[in-house]
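Peer 1: Counting from 1, one number per residue, gives the positions in the sequence shown under full-length UniProt numbering.
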Amino acid sequence: MIESVSRRAFGSSRGTYNVRASELAHDNRKRLKTISCSVVFLDDTQHTFQVEKRAKGNVLLNAVYQHLELIEKDYFGLQYCENGAIPSVSNPDNVRWLDPTKPVKKQLRGGSFYFRVKFYVSDPSKLQEEYTRYHLYLQVRKDIMQGRLVVPPNTACLLASYTVQSELGDYHPDEHAPGYLSEMALIPNQTEDMEHKICELHKLHKGQTPADAEFNFLDHAKRLDMYGLDLHKAKDQSGKELQLGVTSTGLVVFQNSVKINTFSWCKIVKISFKQKQFFVQLKREPSENYDTLLGFNLESYRSAKQLWRSCVEHHTFFRLHSPQPRSKNRFLPPPFPLVGSRFSYSGRTEYQTIEEGKSRGLERSFIRSRSKSSTSRLRQSMSAVVEEKPKQLILSRTPRPYDNKVTSLGAREPRRAWGDTPSPLPQGSDDEGGFLERTLTEERQTAFSPHLPNRTALTFVDDDTVDLITDRMYMDSSEPNYCDTHEDNFVVIRILPDEQGRFGFNVKGGSDLNMPILVSRVAPNTPADKCYPKLNEGDQVIMINEIDISNMSHEQVVNLIRASRDTSIGELVLTVKPNSVYEAGGHDVVEEPPYQYVPDPSLGIVSINGHNALEQSMLLLADGLASGALVTQFERLYRRKSGLTMNVARKNENVNKNRYRDILPYDATRVILSEFEEDDYINGNYINMEIPGSGIINRYIATQGPLSSTIGDFWRMVSKVGSGLVVMLTPLTERGRVKCHRYWPPLGESLSLPPTSLVVTTTKEQSTDDGSCVFREFKLKDLQTEEERDISHMQYLSWPDHGVPGDVVRFLSFTAEVRALRAGMVEPAIVHCSAGIGRTGVLILMETAMCLVEANQPVYPLDIVRQMRDQRAMMVQTPNQYRFVCGCVHHAYVEGIVKPLPEFCQ
Numbered sequence: 001m002i003e004s005v006s007r008r009a010f011g012s013s014r015g016t017y018n019v020r021a022s023e024l025a026h027d028n029r030k031r032l033k034t035i036s037c038s039v040v041f042l043d044d045t046q047h048t049f050q051v052e053k054r055a056k057g058n059v060l061l062n063a064v065y066q067h068l069e070l071i072e073k074d075y076f077g078l079q080y081c082e083n084g085a086i087p088s089v090s091n092p093d094n095v096r097w098l099d100p101t102k103p104v105k106k107q108l109r110g111g112s113f114y115f116r117v118k119f120y121v122s123d124p125s126k127l128q129e130e131y132t133r134y135h136l137y138l139q140v141r142k143d144i145m146q147g148r149l150v151v152p153p154n155t156a157c158l159l160a161s162y163t164v165q166s167e168l169g170d171y172h173p174d175e176h177a178p179g180y181l182s183e184m185a186l187i188p189n190q191t192e193d194m195e196h197k198i199c200e201l202h203k204l205h206k207g208q209t210p211a212d213a214e215f216n217f218l219d220h221a222k223r224l225d226m227y228g229l230d231l232h233k234a235k236d237q238s239g240k241e242l243q244l245g246v247t248s249t250g251l252v253v254f255q256n257s258v259k260i261n262t263f264s265w266c267k268i269v270k271i272s273f274k275q276k277q278f279f280v281q282l283k284r285e286p287s288e289n290y291d292t293l294l295g296f297n298l299e300s301y302r303s304a305k306q307l308w309r310s311c312v313e314h315h316t317f318f319r320l321h322s323p324q325p326r327s328k329n330r331f332l333p334p335p336f337p338l339v340g341s342r343f344s345y346s347g348r349t350e351y352q353t354i355e356e357g358k359s360r361g362l363e364r365s366f367i368r369s370r371s372k373s374s375t376s377r378l379r380q381s382m383s384a385v386v387e388e389k390p391k392q393l394i395l396s397r398t399p400r401p402y403d404n405k406v407t408s409l410g411a412r413e414p415r416r417a418w419g420d421t422p423s424p425l426p427q428g429s430d431d432e433g434g435f436l437e438r439t440l441t442e443e444r445q446t447a448f449s450p451h452l453p454n455r456t457a458l459t460f461v462d463d464d465t466v467d468l469i470t471d472r473m474y475m476d477s478s479e480p481n482y483c484d485t486h487e488d489n490f491v492v493i494r495i496l497p498d499e500q501g502r503f504g505f506n507v508k509g510g511s512d513l514n515m516p517i518l519v520s521r522v523a524p525n526t527p528a529d530k531c532y533p534k535l536n537e538g539d540q541v542i543m544i545n546e547i548d549i550s551n552m553s554h555e556q557v558v559n560l561i562r563a564s565r566d567t568s569i570g571e572l573v574l575t576v577k578p579n580s581v582y583e584a585g586g587h588d589v590v591e592e593p594p595y596q597y598v599p600d601p602s603l604g605i606v607s608i609n610g611h612n613a614l615e616q617s618m619l620l621l622a623d624g625l626a627s628g629a630l631v632t633q634f635e636r637l638y639r640r641k642s643g644l645t646m647n648v649a650r651k652n653e654n655v656n657k658n659r660y661r662d663i664l665p666y667d668a669t670r671v672i673l674s675e676f677e678e679d680d681y682i683n684g685n686y687i688n689m690e691i692p693g694s695g696i697i698n699r700y701i702a703t704q705g706p707l708s709s710t711i712g713d714f715w716r717m718v719s720k721v722g723s724g725l726v727v728m729l730t731p732l733t734e735r736g737r738v739k740c741h742r743y744w745p746p747l748g749e750s751l752s753l754p755p756t757s758l759v760v761t762t763t764k765e766q767s768t769d770d771g772s773c774v775f776r777e778f779k780l781k782d783l784q785t786e787e788e789r790d791i792s793h794m795q796y797l798s799w800p801d802h803g804v805p806g807d808v809v810r811f812l813s814f815t816a817e818v819r820a821l822r823a824g825m826v827e828p829a830i831v832h833c834s835a836g837i838g839r840t841g842v843l844i845l846m847e848t849a850m851c852l853v854e855a856n857q858p859v860y861p862l863d864i865v866r867q868m869r870d871q872r873a874m875m876v877q878t879p880n881q882y883r884f885v886c887g888c889v890h891h892a893y894v895e896g897i898v899k900p901l902p903e904f905c906q
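Here you go:
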């Protein structure tokens with residue numbers, strides 16, 4: 001039918017309209033209003049952003065920050081190359097940072113933008129969020145792999161071992177077969193010998209979560225000379241090739257990758273450039289009558305200007321509270337242009353970033369995926385492409401190493417990284433006060449972020465602490481706690497209780513105890529821990545709700561704190577003196593270790609052999625003490641071994657035989673007084689500590705200090721096991737409280753122990769000159785069998801309640817004397833304090849460590865504690881005790897008090 005229509009009808013028409021062409025043209029015009037910007041992230045994933053054609057750089061930057069949900073964004077930026085290539089050390093002059101004040105289109109050179117760290121924080125602990133530290137960790141790793149950060153081989157192996165720990169978790173022989181590192185790109189020019197060293201170091205990081213490993217990685221990387229440098233090639237006046245590095249602290253001069261000079265910002269008066277020359281004017285010293293002006297020749301005018309801009313940005317970011325806009329030249333009339341560059345740093349400073357973090361208070365949870373023990377995961381992940389992010393960044397697909405995301409602010413409580421939530425564990429306490437009981441999987445520590453919600457429970461033995469701790473460790477309240485500074489170096493901290501009306505900290509002391517009110521415990525992720533600065537153990541409380549408590553008793557302080565949560569507001573206002581630690585012989589923690597973790601033999605420090613595990617373990621011990629990571633790992637260790645029962649101790653007939661209601665012996669390792677009598681219970685456990693490679697097994701009985709009703713049971717135990725040594729680590733009374741009942745008679749007298757036939761006689765008693773120790777000799781006689789046994793008794797007196805020994809040398813000497821008396825003994829030595837877990841655990845750990853050193857075996861204190869707690873719950877009770885004994889172990893090794901025996905050095 002259409003064929004019959006005359007062509008003329010169409011041909012004579014003077015009006016035509018191409019519908020399809022018009023639609024395409026409209027789509028093209030619409031498409032041209034936006035431009036595509038491809039951004040490559042630090043984990044080598046890539047994402048394309050659409051921004052308006054005329055948008056400036058800050059629009060793209062904000063889109064990137066929003067995509068990553070990055071809060072501390074001011075440390076980062078976007079790099080690009082003018083020639084469209086990938087930024088590298090081979091083309092530094094072509095590398096530029098995206099200028100937020102200029103259009104993106106003018107800076108888009110046909111390639112991609114690269115998300116990078118622009119300002120390397122001098123101390124990673126300044127960063128408020130673990131998520132920010134994670135990106136810094138990725139950047140430093142990339143710097144090492146690309147040759148920007150020159151690292152000595154030993155340190156490179158150490159850093160790589162932390163990477164392996166973060167990626168694969170704890171070393172397990174069944175999972176990590178020989179060569180498991182061969183497919184992982186860890187360090188440049190990786191060799192089999194390096195992989196062997198990395199493997200040995202990986203074994204030493206047992207128990208560290210990915211967050212711990214990455215923090216330790218950064219903590220060592222920050223000490224490298226070339227850490228965080230923005231390097232620029234230059235020459236001095238004589239033509240020698242140099243490198244000028246811009247850092248947070250100033251300008252650093254390198255020659256052949258060796259630092260030869262440093263000019264801090266406080267010493268620099270002015271920086272300037274003219275053509276391809278760069279000038280630094282230094283502050284005049286009092287003894288000088290001239291100005292010092294240093295000149296350097298750069299490769300081009302653009303290179304000099306780029307160096308100058310970098311100096312301006314770094315100085316402004318790290319040294320100023322807020323950016324200073326460049327003032328206009330008021331002396332030139334309008335027709336004349338402004339002199340010099342008009343560039344000034346327009347972003348926020350580090351000070352502003354940190355202050356915002358303080359005001360924000362609560363930090364977001366950093367959700368980690370469980371690492372798979374795959375040898376090729378790291379290499380595969382480098383080429384993986386990230387998927388579109390959901391609004392709630394909780395992973396549900398197969399995890400990859402870089403699937404570390406952040407929960408959005410205001411989102412619901414995040415789930416755990418993996419695994420089902422275990423049931424709460426029984427409560428516990430000991431003679432030193434309360435402790436935290438964690439409900440993490442106890443057989444094997446999983447890699448939780450320290451900010452994930454964990455549930456804990458807490459009880460106390462006596463009135464020395466206040467039960468103010470929350471058993472819900474995650475606070476959903478969106479209102480942050482805050483603090484104000486106060487005169488005289490005091491700090492005013494305002495704390496809102498959680499849903500259960502608890503604040504999350506404990507106190508001790510009072511006028512009735514002749515000691516100030518001190519914070520004895522602060523539970524992690526509780527209201528007290530969310531303050532800035534957070535309440536710390538050892539802080540002295542001066543006022544509560546503006547009421548002076550200096551003359552209040554302990555009970556009055558407790559009631560005052562409890563009354564705060566009963567008010568309509570429910571706010572607790574504390575005026576505290578920070579870091580007022582009240583403990584005898586308290587030891588300050590050094591911020592930086594006195595030597596590099598794995599030192600270079602050329603430095604004259606103890607040489608490191610990949611096969612000498614003892615030396616490596618001591619270096620790890622020193623570094624853990626210096627960084628605080630050692631105590632952090634200890635606090636995450638389980639208190640009780642799951643699956644081990646305490647049923648016998650809870651029987652009605654045995655309850656009153658326990659000094660503390662929740663310090664109970666495991667059924668599996670408890671001491672049985674008689675196999676043929678019903679009255680066979682005593683609160684004590686066998687503890688056997690094997691010394692590998694020596695054939696030695698140190699045998700102990702860890703028990704509580706006898707009650708008046710259990711003195712007979714105590715001597716029945718001594719007689720049954722045939723022990724010849726009793727070590728007592730507590731006075732009979734402390735601060736007016738009975739910690740142990742006297743279970744021996746005065747010198748020259750005898751004590752009958754009915755209904756048994758045992759009689760104990762004190763034959764000798766001698767005190768040391770300083771009164772810190774007492775040595776006694778007992779004679780134990782069984783009147784029924786006429787059998788006699790000599791018993792050596794050692795009592796350590798200078799160990800304060802809620803503290804540690806004030807004299808390390810005296811404690812080491814006491815431990816050596818214990819070892820001398822038990823030399824050759826097959827029977828177990830009986831060790832007790834008050835509860836038989838805190839101070840008792842410290843002595844057993846110390847003696848075990850000394851034996852390991854003599855056997856030339858590595859010393860891992862956390863493994864020793866774990867081995868003890870598998871046999872008696874809660875051994876080594878407080879972080880202070882653990883820190884003290886670890887310091888003693890290191891001191892004994894460094895000072896040569898204990899050293900490997902010749903027969904074990906072959």
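Built from N, CA and C at the ideal position, the CB exists for glycine as well.
Just so it is clear, the structure is predicted and the values come from calculations on it, not from any experiment.
(1) Applying the 10 Å Cβ sphere with the 16-neighbour rule, what's the burial state of Pro-497?
(2) Where do the ends of the beta strand (DSSP E) carrying Ser-38 lie?
(3) Which class does His-832 belong to by DSSP, given the choice of helix, strand or coil?
(4) Helix, strand or coil: which one does DSSP assign to Ser-642?
(5) Should the stretch 203-222 be regarded as contacting the stretch 165-184, the criterion being three or more beta carbon pairs within less than 8 Å?
(6) DSSP three-state call for Leu-901: helix, strand or coil?
(7) Taking just the CA atoms, how far does His-832 sit from Val-809?
(8) Please report the residue range of the alpha helix (DSSP H) in which Pro-210 lies.
(9) Three or more beta-carbon pairs under 8 Å between the stretch 110-123 and the stretch 62-81, yes or no?
(10) With a 10 Å radius around its C-beta and 16 neighbouring C-beta atoms as the bar for buried, classify Lys-203 as buried or exposed.
(11) At 4 residues or longer, what runs of the alpha helix (DSSP H) sit wholly inside the UniProt domain "Tyrosine specific protein phosphatases" (812-883)?
(12) Flag Thr-733 as yes if its beta-carbon sits less than 8 Å from any beta-carbon of chain B, otherwise no.
(13) My guess is that Thr-292 and Leu-307 are in contact by the Cβ rule of under 8 Å, so how many angstroms apart are they, rounded?
(14) On the DSSP bridge assignment, give the partners of Leu-752 in chain order.
(15) Is the stretch 697-704 touching the stretch 817-837, taking contact as three or more C-beta pairs under 8 Å?
(16) Please state if the CB of Ser-272 and the CB of Phe-279 are separated by a distance shorter than 8 Å.
(17) Roughly how many angstroms lie between the CA atoms of Ala-613 and Asp-623, to the nearest whole one?
(18) The alpha helix (DSSP H) that contains Gln-500, what's its start and end?
(19) What would DSSP say about Leu-224, mapped onto helix, strand or coil?
(20) So which of Gln-784, Ala-177, Ser-750 and Pro-755 has the shortest CA-CA distance to Phe-778?
(21) Sort Leu-98, Val-64, Pro-188 and Tyr-882 by Cα distance to Thr-632 and report the nearest one.
(22) Would you mind stating whether Asn-685 and Thr-669 have Cβ atoms separated by less than 8 Å?
(23) Return yes when the Cβ of Cys-37 is within less than 8 Å of the Cβ of Leu-108, no when it is not.
(24) Less than 8 Å between the C-beta atoms of Ile-672 and Val-576, yes or no?
(25) For Cys-266, write down the residues that DSSP places opposite it in a beta bridge.
(26) Which residues mark the beginning and the end of the alpha helix (DSSP H) in which Tyr-743 is found?
(27) Quick check on DSSP: helix, strand or coil for Gly-419?
(28) Compare the beta carbon distance of Met-874 and Ile-837 with 8 Å and say whether it is the shorter of the two.
(29) Tell me, please, whether the stretch 779-788 touches the stretch 730-741 by the rule of three or more beta-carbon pairs shorter than 8 Å.
(30) DSSP three-state label for Val-89, please.
(31) Looking only at its chain, what residues have a beta carbon closer than 6 Å to the beta carbon of Asn-688, apart from the 5 residues adjacent to it on each side?
(32) Whole-angstrom Cβ separation of Asp-170 and Gly-147, contact assumed at under 8 Å?
(33) Using C-beta distances below 7 Å, list every residue in its chain close to Cys-886, excluding the 5 sequence neighbours before and after it, in chain order.
(34) Using the C-alpha atoms, what's the distance from Ala-177 back to Ser-694?
(35) Looking at Leu-98: is its Cβ nearer than 8 Å to the Cβ of Tyr-80?
(36) Which residue wins for smallest C-alpha separation from Ser-122, given the options Leu-298, Tyr-227 and Phe-884?
Peer 2: The relevant details are as follows:
(1) Counting from 1 along the sequence shown, the entry for residue 497 is found at position 497. That one is buried.
(2) As a working mapping, residue 38 is identified with position 38 in the sequence shown. Element bounds for Ser-38: 34-40.
(3) Residue 832 sits at position 832 when you count from the first residue of the sequence shown. Correct three-state label for His-832: strand.
(4) Reading the sequence shown from its first residue, position 642 is the one you call residue 642. Coil.
(5) yes
(6) The sequence position of residue 901 within the sequence shown is 901, counting from 1. If DSSP states are grouped into helix, strand and coil, Leu-901 belongs with coil.
(7) As a working mapping, residue 809 is identified with position 809 in the sequence shown. As a working mapping, residue 832 is identified with position 832 in the sequence shown. Going by the C-alpha atoms only, they are around 21 Å apart.
(8) As a working note, residue 210 is residue 210 in the sequence shown. Pro-210 -> alpha helix (DSSP H) spans 210-221.
(9) yes
(10) Walking along the sequence shown from the start, residue 203 turns up at place 203. Lys-203 is buried by the Cβ-count criterion.
(11) 838-854 and 861-869
(12) Protein chains in the displayed structure number just one, and chain B is not present.
(13) As a position in the sequence shown, residue 292 is number 292, starting the count at 1. As a position in the sequence shown, residue 307 is number 307, starting the count at 1. Thr-292 to Leu-307, Cβ: 19 Å. No contact.
(14) Counting from one through the sequence shown, the residue named residue 752 turns up at place 752. Before going on, a small fix: residue 752 reads as Ser here, not Leu. Val-759, per the DSSP bridge assignment.
(15) yes
(16) For this step, residue 279 is matched to residue 279 along the sequence shown. For this step, residue 272 is matched to residue 272 along the sequence shown. Yes, Cβ-Cβ distance for Phe-279 and Ser-272 is below 8 Å.
(17) Looking up residue 613 in the sequence shown gives position 613. Looking up residue 623 in the sequence shown gives position 623. About 15 Å.
(18) Counting from 1 along the sequence shown, the entry for residue 500 is found at position 500. Unbroken run through Gln-500: none, as it is neither H nor E.
(19) Indexing the sequence shown from 1 puts residue 224 at position 224. Of the three classes helix, strand and coil, the one that applies to Leu-224 here is coil, per DSSP.
(20) In the sequence shown, counting from the first residue as 1, residue 778 sits at position 778. Considering only alpha carbons, the answer is Ser-750.
(21) Start at 1 with the first residue of the sequence shown, and residue 632 comes out as number 632. The residue with the shortest Cα to Cα distance from Thr-632 is Tyr-882.
(22) Here residue 685 refers to the residue found at position 685 when the sequence shown is read from its first residue. Here residue 669 refers to the residue found at position 669 when the sequence shown is read from its first residue. Going by C-beta atoms, Asn-685 is nearer than 8 Å to Thr-669.
(23) Counting from 1 along the sequence shown, the entry for residue 108 is found at position 108. Counting from 1 along the sequence shown, the entry for residue 37 is found at position 37. In contact: Leu-108 and Cys-37 (Cβ atoms closer than 8 Å).
(24) For the purposes of this step, residue 672 is taken as the residue at position 672 of the sequence shown. For the purposes of this step, residue 576 is taken as the residue at position 576 of the sequence shown. Their beta carbons are not under 8 Å apart, which means Ile-672 does not touch Val-576 by this criterion.
(25) As a first step, residue 266 is located in the sequence shown; it is residue number 266 there, counting from the start. Answer is none; Cys-266 lacks a bridge partner.
(26) Here residue 743 refers to the residue found at position 743 of the sequence shown. Looking at the DSSP string, Tyr-743 is not in any alpha helix (DSSP H), and its letter there is neither H nor E.
(27) Reading the sequence shown from its first residue, position 419 is the one you call residue 419. A caution first: Gly-419 carries a pLDDT of 31, below 50, which makes its placement in the model unreliable, though a value can still be read off. Coil, per DSSP.
(28) The count along the sequence shown starts at 1 and reaches residue 874 at position 874. The count along the sequence shown starts at 1 and reaches residue 837 at position 837. Yes, the pair counts as a contact, with Cβ atoms nearer than the cut-off.
(29) no
(30) Sequence index remark: in the sequence shown, residue 89 carries index 89 (1-based). Val-89: coil per DSSP, three-state reduction.
(31) Here the question's residue 688 lines up with position 688 in the sequence shown. Counting only Cβ-Cβ distances below 6 Å, and skipping sequence neighbours, we find Ile-697 and Arg-699.
(32) By one-based count along the sequence shown, residue 170 stands at place 170. By one-based count along the sequence shown, residue 147 stands at place 147. Contact flag wrong, Cβ pair sits at about 31 Å.
(33) Working through the sequence shown from its first residue, we reach residue 886 at position 886. Correct list, in chain order: Leu-621, Leu-625, Leu-630 and Pro-861.
(34) As a working note, residue 694 is residue 694 in the sequence shown. As a working note, residue 177 is residue 177 in the sequence shown. Rounded to whole angstroms, Ser-694 to Ala-177 spans 27 Å at the Cα level.
(35) In the sequence shown, residue 98 corresponds to position 98, counting from 1. In the sequence shown, residue 80 corresponds to position 80, counting from 1. Contact flag set, yes.
(36) Along the sequence shown, read from residue 1 onward, the residue named residue 122 stands at position 122. Closest by alpha carbon: Tyr-227.
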